[in-house]
Amino acid sequence: MPINKNEVSFTYDVTEHLKGVPESDREDAANDAGEAALKKITEFVEKRRSPVKGNNKNFEKLSDSYGNFKRKKVGNSNPNLRLTGELIESLDVEADDSSFTIRVTGDDNNVAKAYNNNDGDTIPKRQFLPNDTKDEQFKGGVVQVIKEAIKKYKKKDTKDTEKIIAPADVAAKSFESALKSFKASKREKQIAQNIKSFKIEDIL
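In terms of my numbering, the sequence shown opens at residue 740 and continues consecutively.
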């Protein structure tokens, strides 16, 4: 998805991470992965770092004039994309069964501010979403939380945990099943139940 003056969004394909997730759970898994990614993005930004791979420098400090303005308004001049909090809070997650999209929502002002920060159009670049038209991706820290969010939806392999049924138990269960299909008196059923309680090894 694009990063331009009209829209700021990024779509992450989680198909590879969804292996082992039941189809009925895939959209929920993708949505949780998107929410986890968004939370991690805000953590990067709070530390004045970009969550985008290849951007390893701290965000450039605010200009003196804007820094003073922000300090008077919120008590600090950190370049963490938070003045009113409106920009970060405008980020929303949408998901389907193979991907999630993080999108800037709200009025045009939010989109304009997001574009300027991600592109460095009229202010120093402080990128918080990858630009997929440039094949950009998240850093490993974001990818890791995406994988962790999806992991809980993966179907557990029960081969090693399934109860091993002994032949004697199989015979008893088959006998019990057959018993239910016959019409018998209460006394006859009781006798049959007593017989069923013997194990094969008891009579061999």
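Idealized CB from N, CA, C, for every residue including glycine.
Nearest Cα to E887 within the set E766, L801, A775 and D764: A775. Counting the other Cβ atoms within 10 Å of the Cβ of D771 gives 16 or more, which makes it buried. Residue range S838 to V843 is occupied by the beta strand (DSSP E) that includes R842. With fewer than 16 other Cβ atoms inside 10 Å of its own Cβ, T754 counts as exposed. Looking at the DSSP output, L830 sits in a beta bridge with V843.
By a beta-carbon distance limit of 8 Å, L777 contacts I841. Their separation comes to about 6 Å.
DSSP places T781 inside the alpha helix (DSSP H), whose first and last residues are R765 to E785. By the neighbour-count criterion, in which a residue is buried when 16 or more other Cβ atoms sit within 10 angstroms of its Cβ, Q883 is exposed. Residue nearest to N848 within the set P863, F867 and I827 is I827 (criterion: CA-CA distance). Between the stretch 869–881 and the stretch 740–750 there are three or more inter-stretch CB-CB distances shorter than 8 Å, so the stretches are counted as touching. Residue pairing by DSSP puts S748 in a beta bridge opposite R842. Counting only the Cα atoms, S837 lies some 26 Å from A853.
With a threshold of 16 other beta carbon atoms within 10 Å, G759 falls short and is exposed. The beta carbon of S789 lies closer than 6 Å to those of Q866 in the same chain, with the five residues before and after it left out.
For Q883, the enclosing alpha helix (DSSP H) has its first and last residue at G879 to K890. Under the three-state reduction of DSSP output, V791 falls in the strand class. The Cβ-Cβ distance between V881 and I780 falls below 8 Å. Residue burial is scored here from C-beta neighbours: R810 has fewer than 16 other C-beta atoms within 10 angstroms and is therefore classed as exposed. Take the alpha-carbon of Q876 and the one of N794: they are about 11 Å apart. For N797 and D860, the gap between their C-alpha atoms comes out near 18 Å. Cβ neighbours of T844 within its own chain (closer than 6 Å, five residues either side excluded): S829 and D831. Straight-line spacing of the CA atoms in E799 and D846 works out to 26 Å.
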